[in-house]
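Numbering (the working numbering), first residue to last: 63 to 289.
Here a beta-carbon is modelled for each residue, glycine too, at the ideal position from N, C-alpha and C.
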């Protein structure tokens, strides 16, 4: 496939044989950017594991993602006030469940209290397909509504490996300060290492790259990322 002149020029400025430190990679990504819109910064981590579908988790990016996340909380009683006070975009109980059954999905995260999960579980065909079903393991089935809502609104995102063993995540915008993007790179990488499955042997991480939405990939020296 024929590549555009601008992307070819951008690729020529990147040394494919070099492993860049995070700050070098971010600065270079900014330098080779050629579009007019504020692109997302994509980070991809190639891992080695026998069962990629089991590699998943969540990470809180200290500088956020640059995207607004609408959070729905399904709960009753005093927990509804707690959800509103924490900054949830939508709060309700049976009314929200009925609304979702009718096809409403104008949100990017769902939190539910344990007492509501019997009914929320019936939303599997809708929420499950979009990866939005609340789960105890991810902390979205909880009585700590205030804590989880603040995390989700403040930069907490979920990740999972694809069938080729690559974990992709948007870690911010090109217009973020260099230090902010570096902090997000370190947070994501170190979370992946902490979440390493117990049955993963040897070198778990094979490679780490960042790129802007339209830009070329830049390989990072992940062994130099501080813990």
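* To do: Could you tell me how far apart the beta carbons of residue 279 and residue 271 are, in whole angstroms, since I believe they sit closer than 8 angstroms?
  => 4 angstroms
* With a CB to CB cut of under 6 angstroms and the five nearest residues on each side skipped, what residues in its chain are close to residue 222? -> 118
* Helix or strand or just coil, what does DSSP make of residue 211? -> helix
* Asked: Any idea what DSSP makes of residue 261, helix, strand or coil?
  -> In the structure shown, residue 261 adopts coil according to DSSP, grouped into three states.
* At least 3 beta-carbon pairs within less than 8 angstroms: the stretch 206-220 vs the stretch 70-86 -> Because the criterion of three Cβ pairs below 8 angstroms is not met, the stretch 206-220 and the stretch 70-86 do not touch.
* Asked: What do you get for residue 84, buried or exposed, if any count of 16 or more other CB atoms within 10 angstroms of its CB means buried?
  -> buried
* Mark residue 235 as exposed unless 16 or more other C-beta atoms lie within 10 angstroms of its C-beta, in which case mark it buried. => Buried, because 16 or more other Cβ atoms sit within 10 Å of the Cβ of residue 235.
* Assign residue 181 to one of three DSSP states: helix, strand, or coil. => helix
* Figure out for me which residue from 192, 183 and 175 has the closest Cα to the Cα of residue 59. => Because the chain is modelled from 63 through 289, residue 59 falls outside the range shown and cannot be assessed.
* In chain order, what residues of the same chain have a beta carbon less than 6 angstroms from the beta carbon of residue 246, not counting five sequence neighbours either side? -> Around residue 246: 123, 125, 233 and 234.
* Between the stretch 251-269 and the stretch 98-111, do at least 3 Cβ pairs fall closer than 8 angstroms? -> yes
* **residue 222 - DSSP class collapsed to helix/strand/coil** => strand
* Since I believe residue 215 is in contact with residue 185 (beta carbons under 8 angstroms), could you give me their beta-carbon distance rounded to a whole number of angstroms? => Under the criterion of beta carbons closer than 8 angstroms, residue 185 and residue 215 do not qualify as touching, at roughly 22 angstroms.
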